[in-house]
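So for the sequence shown, the working numbering puts the first residue at 6; every next one is plus one. We put the CB at the ideal spot given by N, CA and C, even for glycine. If you're wondering where the values come from, they're calculated on a predicted model, not measured in any experiment.
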Amino acid sequence: MNVDVSQLTKSFGGAAVLKGIDLNFRSGQVYGLVGRNGAGKTTFFNCLAGLEKHGGKVAAEGEVLKDRLGFLQTEPYFPSKLTGREYLRLFCKARGVSDENLDERNVFDLPLDRYAQQYSAGMKKKLGLLAILLQKNDFFILDEPFNGVDIHSALLITEIIRRLKIEKKTVLISSHIFSTLKETCDIIYVLEDGKIAETIGQDDFDRLERDMAAFAIGNRLDALQFG
6 MNVDVSQLTK SFGGAAVLKG IDLNFRSGQV YGLVGRNGAG KTTFFNCLAG
56 LEKHGGKVAA EGEVLKDRLG FLQTEPYFPS KLTGREYLRL FCKARGVSDE
106 NLDERNVFDL PLDRYAQQYS AGMKKKLGLL AILLQKNDFF ILDEPFNGVD
156 IHSALLITEI IRRLKIEKKT VLISSHIFST LKETCDIIYV LEDGKIAETI
206 GQDDFDRLER DMAAFAIGNR LDALQFG
């Protein structure tokens, strides 16, 4: 699914968080979004998903984006007294897709008959991802999909993103683990002060990683005097 974002703005009170973002997302491409905490990444995702009112325009090939969008939030919400199985069935029903053979499609080996609220943080993240995958969406927003998951699940999620790309889906990822972005993304956008400060292609991923490390670490550790 191709999605065009034009002059997207968002303010809370008198504070402008997003200041006129222009981006074009294309089918079969994986995009990364990086920025410091508070840069506006989650706000941008919420605007795309229709969870926040905003200025500007989001156009999705003549369709309403939210009807073909799978949004994995940093901390997915789970109603009380709802099992993992019931949660998956709810998401399938919302898109009118089959909820049969859930045990066979449970690629993360989740305990589907336990209440989802009793899951660990990593299990909740995997359940949320599985739910939007079962919906057969065309555009995926994955906000920190690797947070809290074990190494085996992280490898599986990386392969899922690759398969989505092969199937010509559009994927937008935010992750604090830069290696996961290097492995999966075609383009990485740097969000800074409410604007897209840089657009980075694969040839410059290593340079971006060095720049981010230099900014994050700098000479901050000298004061600890490890020696």
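{"Asked": "Cβ contact check for the stretch 107-114 and the stretch 127-137: 3 or more pairs under 8 angstroms", "Found": "yes"}
{"Asked": "Pair within 8 angstroms by beta-carbon distance, leucine 177 and isoleucine 146", "Found": "yes"}
{"Asked": "Length of the line joining the Cα atoms of glycine 25 and lysine 200", "Found": "7 angstroms"}
{"Asked": "Sequence-distant residues of the same chain with beta carbon closer than 6 angstroms to glycine 37, five excluded per side", "Found": "Ile178, Leu186, Cys190 and Ile193"}
{"Asked": "Selection from Lys86, Glu214, Glu68 and Leu77 that minimises the alpha carbon distance to glutamate 149", "Found": "Leu77"}
{"Asked": "Rounded separation between tyrosine 120 and aspartate 209 - CA only", "Found": "44 angstroms"}
{"Asked": "Helix, strand or coil at asparagine 106 [DSSP, three-state]", "Found": "coil"}
{"Asked": "Residue of Gln12, Ala221 and Leu135 minimising C-alpha distance to arginine 94", "Found": "Leu135"}
{"Asked": "8 angstroms Cβ cutoff met for glycine 153 and alanine 126", "Found": "yes"}
{"Asked": "Residue interval of the beta strand (DSSP E) (run including threonine 175)", "Found": "175-179"}
{"Asked": "Residue environment, alanine 99, which counts as buried when at least 16 other CB atoms sit within 10 Å", "Found": "exposed"}
{"Asked": "Host alpha helix (DSSP H) of threonine 26 (start-end)", "Found": "Sequence check: residue 26 is isoleucine here, not threonine. Careful: isoleucine 26 lies outside any alpha helix (DSSP H), inside the beta strand (DSSP E) at 20-30."}
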